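In full-length UniProt numbering, the protein residues as written are 1 to 260.
In this text, a Cβ means the ideal position worked out from N, Cα and C, and glycines have one as well.
Note that the structure is predicted; figures quoted are calculated from it, not measured.
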Amino acid sequence: MIEILDPAQLPRAREAGALVAHILQNLKSRSSVGTNLLDIDRWAKAMIVEAGAVSCYVDYAPSFGRGPFGHYICTSVNDAVLHGLPHDYPLADGDLLSLDLAVSVGGVVADSAISFVVGDSKPPQSVALISATERALAAGIAAAGPGARIGDISHAIGSTLHGAGYSVNTEFGGHGVGSTMHQDPHVSNTGRPGRGYRLRPGLLLALEPWVMADTAALVTDADGWTLRSATGCRTAHSEHTIAITDDGVEILTLPERTPR
Numbered sequence: 001m002i003e004i005l006d007p008a009q010l011p012r013a014r015e016a017g018a019l020v021a022h023i024l025q026n027l028k029s030r031s032s033v034g035t036n037l038l039d040i041d042r043w044a045k046a047m048i049v050e051a052g053a054v055s056c057y058v059d060y061a062p063s064f065g066r067g068p069f070g071h072y073i074c075t076s077v078n079d080a081v082l083h084g085l086p087h088d089y090p091l092a093d094g095d096l097l098s099l100d101l102a103v104s105v106g107g108v109v110a111d112s113a114i115s116f117v118v119g120d121s122k123p124p125q126s127v128a129l130i131s132a133t134e135r136a137l138a139a140g141i142a143a144a145g146p147g148a149r150i151g152d153i154s155h156a157i158g159s160t161l162h163g164a165g166y167s168v169n170t171e172f173g174g175h176g177v178g179s180t181m182h183q184d185p186h187v188s189n190t191g192r193p194g195r196g197y198r199l200r201p202g203l204l205l206a207l208e209p210w211v212m213a214d215t216a217a218l219v220t221d222a223d224g225w226t227l228r229s230a231t232g233c234r235t236a237h238s239e240h241t242i243a244i245t246d247d248g249v250e251i252l253t254l255p256e257r258t259p260r
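If you want it as structure tokens, here you go:
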């Protein structure tokens, strides 16, 4: 299903996006050497509940996971890139941490992810991975707008990632959002321009380029959720929710937004 929001729903989408951005930045500021992933999950829960929002993850049970997820945020460390199940792990200096969060406010969902290095060590490979996903995300957003096609976004993201020297996995990518977290259309992280669904005002998309340093193959942890690079290499993931408007694109999950 492809859901198109009416103008009256956009303020709720903005509120959801602002909350997601606020929580992610708060968690980033609190994530230091020794911080336990279970503490991050606990802090996320407290902020979601305090805001009167609804977690999209706790009861999430798709066909590809061993559901329900049972936690409030995805915490993926180093070679883990997607759906990282929070567990008893204290962060170490130089760990590359990806946080992925989706919440619903007033029946409208926003979804975002950030990657960053914990502590004082800044491994060059990790910095390069994060930069590539952030640049790919910016390119995908720049390619979006009313009348553009999904393939235009996919091509922009893929061109950036390939240009940085990374291969691209197409099993998981961006997606529509609205009253639920995962909707059509699927937004692959590589593709051909001029193809696919034509974007319309009122469409919300979660764009999420992610890469692995030296492979495009994933393996699944015994927990049934956490997806890791098949070679054990490091990974990174960046994501924003955007709204297609009459005039262009509005990024709903920018950190500078202030939640109401």
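Per-residue burial, residue i [other beta carbons within 10 Å of its own, 16 or more giving buried]
i	result
Thr226	buried
Gly194	exposed
Thr170	exposed
Pro68	exposed
Gln9	buried
Pro209	buried
Gln125	exposed
Asp79	buried
Val108	buried
Thr231	exposed
Ala222	exposed
Ala53	buried
Arg234	buried
Glu256	exposed
Gly165	exposed
Span of the alpha helix (DSSP H) around residue i
i	result
Gly65	Where Gly65 is concerned, there is no enclosing alpha helix (DSSP H), given that its DSSP letter is neither H nor E.
His237	Here His237 belongs to no alpha helix (DSSP H); instead the beta strand (DSSP E) covers Thr235 to His237.
Arg14	Leu10 to Arg30
Arg135	Pro124 to Ala143
Start and end residues, beta strand (DSSP E) containing residue i
i	result
Glu50	Not the beta strand (DSSP E): Glu50 falls in the alpha helix (DSSP H), residues Leu37 to Glu50.
Gly176	Gly174 to Val177
Arg149	No beta strand (DSSP E) contains Arg149, which DSSP labels as neither H nor E.
Arg198	Counting along the chain, Arg198 falls outside any beta strand (DSSP E), and DSSP gives it neither H nor E.
Val249	Val249 to Ile251
Ala80	Ala80 to Leu82
Leu227	Leu227 to Ser229
Same chain only: Cβ atoms within 8 Å of residue i, ignoring 5 sequence neighbours per side
i	result
Ser121	Asp93 and Gly94
Ile40	Leu27, Arg30, Ser31, Ile73, Thr75, Pro86 and Leu99
His155	Ala143, Thr190, Gly191, Arg192 and Pro193
Thr220	Thr226, Leu227 and Arg228
Asp88	Asn36, Leu37 and Leu38
Arg66	Asp223, Gly224 and Trp225
Per DSSP, the bridge partner or partners of residue i
i	result
Asp221	Paired residue(s): none; Asp221 is not in a bridge.
Ile114	Leu99
Gln183	Gly176
Thr241	Ala206
Cys74	Asp100
Met212	Thr235
Ser55	Val103
Val109	Ser104
Ile4	Leu203
Pro90	Asn36
beta-carbon residue i near the ligand ATP non-hydrogen atom, thresh 6 Å
i	result
Gly106	Here there are no bound small molecules, and the ligand ATP is not part of this structure.
Beta-carbon contacts of residue i that lie in its chain and below 6 Å, excluding the five residues immediately before and after
i	result
Ser229	Asp79, Met212, Thr215 and Thr235
Gly196	Arg149, Ile150 and Gly151
Arg198	Arg149
Val49	none
residue 265	Outside the displayed span of the chain (1 to 260) sits residue 265, for which this structure offers no information.
Proximal residues to residue i (C-beta, below 7 Å), its chain only, five neighbours per side dropped
i	result
Asp59	Pro68
Ile141	Leu207, His240, Ile242, Val249 and Ile251
residue 261	Nothing in the structure corresponds to residue 261, since the chain is present only between 1 and 260.
Val105	Arg12, Glu15, Ala16, Leu19 and Ala53
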